[in-house]
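Novice: There's a structure below that I have some questions on.
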Amino acid sequence: MRKFNFTTLWRFIWIVLLCFQGGTVSVYAQVFLNSQDTDTLTIAFTGDILLDRGVRRQIENRGIESIFDRQSDSVFRCSDIVVGNLECPATTLHTPMMKQFVFRADPEWLGALRAHGFTHLNLANNHTVDQGRRGLVDTWHNVEQYGMTPVGVGNTMAEAAQPVLLAEHPRKVWLLASLLLTLEHFPYLPDLPSVNQESIDSLRVRIRSLREADSTAVIIVSLHWGREHTLEPAPVQRTLARRLIDAGADALICHHTHTLQTIESYRGRYIYYSIGNFIFDQQRDINRRSCIPQLKITWNGITVENHFIR
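For the sequence shown, my numbering puts the final residue at 310, and the numbers step up evenly by one.
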C-alpha cells in the first residue's frame, strides 16, 4: 500500500477546496490526485560484460562504440537506472591471479559504459578478482571515477554484503549482489577487500530485515551462480531462489552461465536464473541469446518488460 503523508493530504484538501465548483471536483484536483500515482522508476539489468580477449581486439580494431548496438541503447535511454555485471577488472595494474581465465580491461573503457547509460556495475563475480585484491580495489575506484556505483564490493566482506540503495522514489529500491561460486586461488579473508560471497541463508536474513524495516520497499537480488553453458537451472537453484522470494525478495536477476536460462514467475515475483551475456566474445548460438529485463516500479506494483537480444 502506498504511503500517504499528512503534507500530501492537506495539499490535496486545499486544492479540492479551491477547485470545488457546483458540487463537482474540478479537473485540476483530479489531475493532482492522478499525478501522485503516475511516477514510475525504470531499471534495466544486463548480463555479463567482458572488455578483454576478443572484445579487446574488437575495441582496438574498430573502436569502443562498436561493442554497443541500437537495440540495447534504446532500452537504456528509457531507463532511469542501468545495472550491468562487469565480468573483468578494469585496472592498469598487471597482477594476474593463477587461474585458467584471467581478464583485464583498460579503465578508460568504463567511460563508454557510463556514456551509454550504465549507472551501476556489479562486481560480485568470479572475474573482477583476476588481478588480485589490489586490482579489485583499483577497479572499484575506477568505476566510481567514471560516475558509476559499484555493487557487491567492499573493504571487508561485511562491507561488500551491504545492500545498495538504487533509488528512494517512488519507493526505496534495494539491490543485493552475491557470488555463489568458489574463487580460484583467492583465499576467503573476510577482513580484507573482497567481493560479496554471502550465503543464501545469510541473504534470507538480510532480506527479512529489509522487509520488516519497510514493507513497501522493492528488494532485488543478483546472484552470480549456476553451471556454465546450460539452458536450465539445477533443481537446487530453483529451491534456493524460491527461498529468497519467500523471505521477501521481489525479484532475482542472475548471471554467470553465459546463456539465457529459465525465466520464472513464483508467487507473483520474477526469477531470472541467468540473463546471459551482454558484451562478450562467445559466438555460439547458445551464448548469443540474452535478455535485458526492464523493471517499472510504481507505488502500486512492479511490471517487467523483457528485451531479448542476440
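From the three backbone atoms N, C-alpha and C, an ideal C-beta is built for every residue, glycine too.
1. Under 8 Å: do the region 92-110 and the region 155-165 share three or more Cβ pairs, one atom per stretch?
2. Counting only the same chain and skipping the five closest in sequence on each side, list residues whose C-beta sits under 7 Å from that of residue 267.
3. Does residue 221 pass the burial test, meaning 16 or more other C-beta atoms within 10 Å, or should it be called exposed?
4. In terms of residues, what are the limits of the beta strand (DSSP E) holding residue 43?
5. DSSP on residue 226, reduced to helix/strand/coil?
6. So residue 251 is in the alpha helix (DSSP H); what residue range does that whole segment cover?
7. Between the C-alpha atoms of residue 151 and residue 251, what's the straight-line distance to the nearest angstrom?
8. With residue 72 and residue 309 assumed to form a contact (beta carbons below 8 Å), what rounded beta-carbon distance in angstroms separates them?
9. With DSSP run on the structure shown, which of helix, strand or coil describes residue 25?
10. Is residue 236 buried or exposed, if buried means 16 or more other CB atoms sit within 10 Å of its CB?
11. Apart from the five residues just before and just after residue 243, which ones in its own chain have a Cβ nearer than 8 Å to its Cβ?
12. What first and last residue would you give for the alpha helix (DSSP H) that runs through residue 149?
13. Less than 6 Å between C-beta atoms, sequence neighbours within five positions excluded: which residues of the same chain meet that for residue 301?
14. Tell me the DSSP secondary structure of residue 235 in three-state form.
15. Rounded to a whole number of angstroms, what is the C-alpha to C-alpha distance between residue 158 and residue 279?
16. Do you know offhand how far residue 167's Cα is from residue 121's?
17. Mind the definition here: the region 77-96 touches the region 126-135 only if three or more C-beta pairs lie below 8 Å; say whether that holds.
18. Given a threshold of 16 other Cβ atoms within 10 Å of its Cβ, counted over all protein chains shown, does residue 270 qualify as buried or as exposed?
19. In the DSSP assignment, what are the bridge partners of residue 296?
20. Have a look at residue 282 and residue 288 and give me their C-alpha separation to the nearest angstrom.
21. Contact defined as beta carbons within less than 8 Å: I believe residue 125 pairs with residue 179. What is the distance between those atoms, to the nearest angstrom?
22. Please name the residue, chosen from 83, 112, 135 and 189, that lies closest to residue 253 on a Cα-to-Cα basis.
23. Rounded to whole angstroms, what is the Cα-Cα separation between residue 41 and residue 232?
24. Would residue 76 be called buried (16 or more neighbouring beta carbons within 10 Å of its own) or exposed?
25. Considering only heavy atoms of the ligand FAD, does any lie closer than 7 Å to the CB of residue 211?
26. Alpha carbon to alpha carbon, what distance is there between residue 223 and residue 207?
27. By the three-class DSSP mapping on this structure, what secondary structure does residue 142 have?
28. What's the gap between the Cα of residue 176 and the Cα of residue 273?
29. Output the distance between the C-alpha atoms of residue 338 and residue 256, rounded to the nearest integer angstrom.
30. Can you look up residue 175 in the DSSP assignment and give me helix, strand or coil?
31. Can you tell me the Cα-Cα spacing of residue 67 and residue 58, whole angstroms?
32. Would you mind stating whether residue 286 and residue 259 have Cβ atoms separated by less than 8 Å?
Specialist: In this structure, then:
1. no
2. 245
3. buried
4. Membership of residue 43 in the beta strand (DSSP E) is indicated by the continuous run 41-49.
5. coil
6. No alpha helix (DSSP H) holds residue 251; the beta strand (DSSP E) holding it covers 251-253.
7. The alpha-carbon atoms of residue 151 and residue 251 are separated by roughly 17 Å.
8. Indeed, because the Cβ distance is near 6 Å, the residues count as touching under 8 Å.
9. For residue 25, the predicted structure reports a pLDDT of 37, less than 50, and the residue's modelled location is therefore unreliable. The matter cannot be settled from this model.
10. Residue 236 should be labelled exposed.
11. 200 and 204
12. Per DSSP, residue 149 is not a residue of any alpha helix (DSSP H); the beta strand (DSSP E) it occupies stretches across 149-151.
13. none
14. helix
15. 30 Å
16. Taking the straight line joining both Cα atoms gives about 15 Å.
17. yes
18. buried
19. 42 and 303
20. So the two alpha carbons sit approximately 7 Å from each other.
21. 6 Å
22. Of the candidates 83, 112, 135 and 189, the one whose C-alpha sits nearest the C-alpha of residue 253 is 83.
23. 30 Å
24. buried
25. In terms of ligand content, the structure shown is empty, and the ligand FAD therefore cannot be addressed.
26. Going by the C-alpha atoms only, they are around 14 Å apart.
27. helix
28. 15 Å
29. Lying outside 1 to 310, the shown extent of the chain, residue 338 is not represented and no answer is given.
30. strand
31. 8 Å
32. yes
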